[in-house]
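Student: The following block contains the structure, expressed as structure tokens.
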Amino acid sequence: MFPLRIAGLRFAPEARPILDGLDLELSGEGISVILGPNGTGKTLLLRLLAGLLPADGGAIDWGGAAQPDGRLAMVFQQPMLLRMTVFTNVEFALRPQAMSAAERRRRTTEVLERVGLAHRARDCARLLSGGERQRLALARAWAMRPRLLLLDEPTASLDPSATEAVERIIREVRTEGAKVLMTTHNLGQATRLADDIIFLADGRVQEHAPASRFFARPQSPAARAFMQGELPWRIAFDR
Ligand SMILES: Nc1ncnc2c1ncn2[C@@H]1O[C@H](COP(=O)(O)OP(=O)(O)OP(=O)(O)O)[C@@H](O)[C@H]1O
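In the UniProt record's numbering, the protein residues as written are 1 to 239.
Quick look at the structure:
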């Protein structure tokens, strides 16, 4: 599945390119954080990798294979939960896996404990708070032992303590051997979590660098402008 090589990726609905010649290479380790202005296609990139949308051009090579080997999970900004119990939300997601019912129950109990939701296992998932819903969505993805975990703004609209809980889970997933590729608008979070930063603007990766180097001094003019709070993209939008 790794290295993941993306070459010349294009997504251009109605001939209006959003991603246009995007190149990126990712190793199978660590947490990579995608930063960039609103509407540049960060979520789109995750959805294209997850196979939820077809690209209009370019190639994605999964360590020599045309498709990921199946061990890929994605957690959305607004997690979609089943109208069932917290426990069943996780257990149900494991049904396609080659696991006995007893193993599924064991794994479900384990991940719910690890995200601090074991005491809510019998509650309906719809009764959970925003932070709890996000932790449940992460537990569901984690239970599948993904090799690649895609996270779209996993803590948008969460308070600091819920954010901290989600960040702790993300680190644990990484420690267990999953590659994490995530988007965020929270620069503090990117500083805390990222091993490397992918800066996306104008349809392409403008910069891909170790997080320490990126935050010390971004090299690309676009990333420098973004980090200094300049908004050239908005000016273009207003015209
Ligand atoms: N399936 C689709 N078909 C057509 N256009 C789409 C599709 N999905 C997203 N877009 C458009 O692509 C652009 C980029 O959207 P995307 O959600 O990826 O941006 P983003 O960088 O994640 O933004 P934000 O930071 O605001 O979340 C938007 O203009 C959006 O309307």
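Note that beta-carbon positions come from the ideal geometry of N, C-alpha and C, so glycine has one too.
Could you tell me the alpha carbon to alpha carbon distance between A55 and D69, rounded to whole angstroms?
Tutor: Their Cα atoms are separated by approximately 19 Å.
Student: Candidates L200, E172, V173: which alpha carbon is nearest H185's?
Tutor: With distances taken between Cα atoms, H185 lies closest to L200.
Student: Considering only heavy atoms of ligand 1, list every residue whose Cβ is less than 5 Å from one of them, following chain order.
Tutor: With the cut-off at 5 Å, the residues found are P13, I18, N38, G39, T40, G41, K42, T43, L44.
Student: CA-CA distance, V33 and G130?
Tutor: Taking the straight line joining both Cα atoms gives about 22 Å.
Student: Check this for me: beta carbons of R114 and L94, under 8 Å apart or not?
Tutor: Contact: no.
Student: Could you tell me the distance, in whole angstroms, from the CA atom of D20 to the CA atom of L9?
Tutor: Distance between the alpha carbons of D20 and L9: 6 Å.
Student: Within the continuous beta strand (DSSP E) that includes V75, where are the two ends?
Tutor: Residues 72-75.
Student: Is it the case that the region 60-69 contacts the region 218-228, given that we only count it when at least three CB pairs across the two stretches are under 8 Å?
Tutor: Taking 8 Å as the limit for Cβ pairs, the verdict is that the region 60-69 does not touch the region 218-228.
Student: Counting C-beta neighbours from all protein chains within 10 Å, is the total for R239 16 or more, i.e. buried, or is it exposed?
Tutor: Bear in mind that a pLDDT of 37 at R239, under 50, signals an unreliable position, so the model cannot answer this.
Student: With which residues is H208 paired in a DSSP beta bridge?
Tutor: DSSP output for H208 lists I198 as bridge partner(s).
Student: Would a C-beta distance cut-off of 8 Å place L49 and T183 closer than the cut-off?
Tutor: Cβ distance not < 8 Å, so L49 and T183 don't count as in contact.
Student: Go through its chain and collect everything with a Cβ distance to A194's Cβ below 6 Å, but skip five positions before and after it.
Tutor: Result list for A194: I31, V33, A211, in chain order.
Student: Considering only residues of the same chain and omitting the five flanking positions on each side of F215, which have a CB-CB separation below 7 Å?
Tutor: T191.
Student: Which residue from G51, V86, G58 puts its Cα closest to that of A73?
Tutor: Checking every option, the nearest Cα to that of A73 belongs to G51.
Student: Candidates L127, A125, M99, A141: which alpha carbon is nearest V111's?
Tutor: Measuring from the Cα of V111, the nearest candidate turns out to be A141.
Student: What residues in its chain sit with their C-beta under 6 Å from that of Q67, if we drop five residues either side in the sequence?
Tutor: Cβ within range, chain order: n/a, list empty.
Student: Out of E153, G28, I6, which one is the CA nearest neighbour of L22?
Tutor: Here the closest residue by C-alpha is I6.
Student: With 16 as the cutoff for other CB atoms within 10 Å, does R120 come out buried or exposed?
Tutor: It is buried - the Cβ of R120 has at least 16 other Cβ atoms within 10 Å.
Student: Tell me where the alpha helix (DSSP H) around F226 begins and ends.
Tutor: Run containing F226: 221-227, per the alpha helix (DSSP H) assignment.
Student: Please name the residue in P154, L181, P221, T40 whose C-alpha comes closest to that of E29.
Tutor: E29 has its Cα closest to that of L181, out of P154, L181, P221, T40.
Student: Which word fits E207, buried or exposed, when buried means at least 16 other C-beta atoms lie within 10 angstroms of its C-beta?
Tutor: It is buried - the Cβ of E207 has at least 16 other Cβ atoms within 10 Å.
Student: Using a threshold of 8 Å, state whether the C-beta atoms of E153 and Q97 are closer than that.
Tutor: Their beta carbons are not under 8 Å apart, which means E153 does not touch Q97 by this criterion.
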